Amino acid sequence: MKNSELESLINEKLNSTSFSDYGPNGLQVEGRETVQKIITGVTASQALLDEAVRQNADAVIVHHGYFWKNESPIIRGMKRNRLKTLLANDINLYGYHLPLDAHPELGNNVQLAQLLGITVMGEIEPLVPWGELAMPVPGLELASWIEARLGRRPLWSGDTGPDTVKRVAWCTGGGQGFIDSAARFGVDAFITGEVSEQTIHSAREQGAAFLRGWPSRHRARRHSRPQRVADGKYRSGCDLY
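1 is the number of the first residue of the sequence shown in the working numbering; add one for each residue after it.
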């Protein structure tokens, strides 16, 4: 498949042109024309690029690419090294941010709901869904319950939360700022990917359990979103890693 054809395929699937994003979505750094082997990841870090070189990949697809708004245009240091790796090895870099967050089938919020058995009921804010667990979970057991399903223990603050958790809201990115909205909405617990110092106090004082439960935002299973863009029934005919 040509690199431009792959970009068109993903753009169409994710409806990426409909988003006003913090950075460009699509082919961010052009490499060789023919794409067969693809490496997927969350962030286009040096480690991921080095692995792409080791695997002799033709393209890298990530959630967090380059050229963000308000980013310095100067190319030096870390940025220089990353771009040099891509260009010297003729590797294409594709980045898709909000289109992946929001997608109703491939999006991380939807995937987390599937992993935890949550029935999505609606949104409390854009990109912040809420729903109900299939079965209530004792509040003090919620962290262990999530760990069993995600393979990693979340940061938990639920000592003043409800005895039983049924209604939850979540945002798999940096959603700690939505804790007040979640508490006002009346959910039993709020799960997100990042935490700030004041988040814990807000959760405790408003009687909601808070979990940074989608591990580290940039880790665990979040890499599956870029991979699923061209996998399964959306397969591009390329080899995915």
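The C-beta atom is built at its ideal place from N, Cα and C for all residues, glycine as well.
None of the values given here were measured: they were computed from a predicted structure.
- If you look at LEU133, you'll find it isn't in any alpha helix (DSSP H); it sits in the beta strand (DSSP E) that goes 128-138.
- For GLN28, the number of other beta carbons within 10 angstroms of its own is at least 16, and it is reported as buried.
- Secondary structure in the segment 87-134: the alpha helix (DSSP H) runs of 4 residues or longer, each lying completely within the stretch, are 98-102, 108-116 in chain order.
- In this structure, VAL195 sits near LEU155, with a CB-CB distance shorter than 7 Å.
- Every candidate alpha helix (DSSP H) stretch fails here, since none sits fully inside the segment 51-83 while reaching 4 residues.
- For ARG184, the enclosing alpha helix (DSSP H) begins and ends at 179-185.
- In the three-state DSSP reduction, THR160 falls in the coil class, being neither helix nor strand.
- For ARG167, the closest C-alpha among the options ALA148, GLY122, SER157 is that of GLY122.
- The shortest CA-to-CA distance from VAL128 to any of LYS84, ARG184, LEU140, THR192 is the one to THR192.
- Within the same chain, TRP68, LYS69, HIS97 come within 7 Å of TYR22 by CB-CB distance, once the 5 residues on both sides are set aside.
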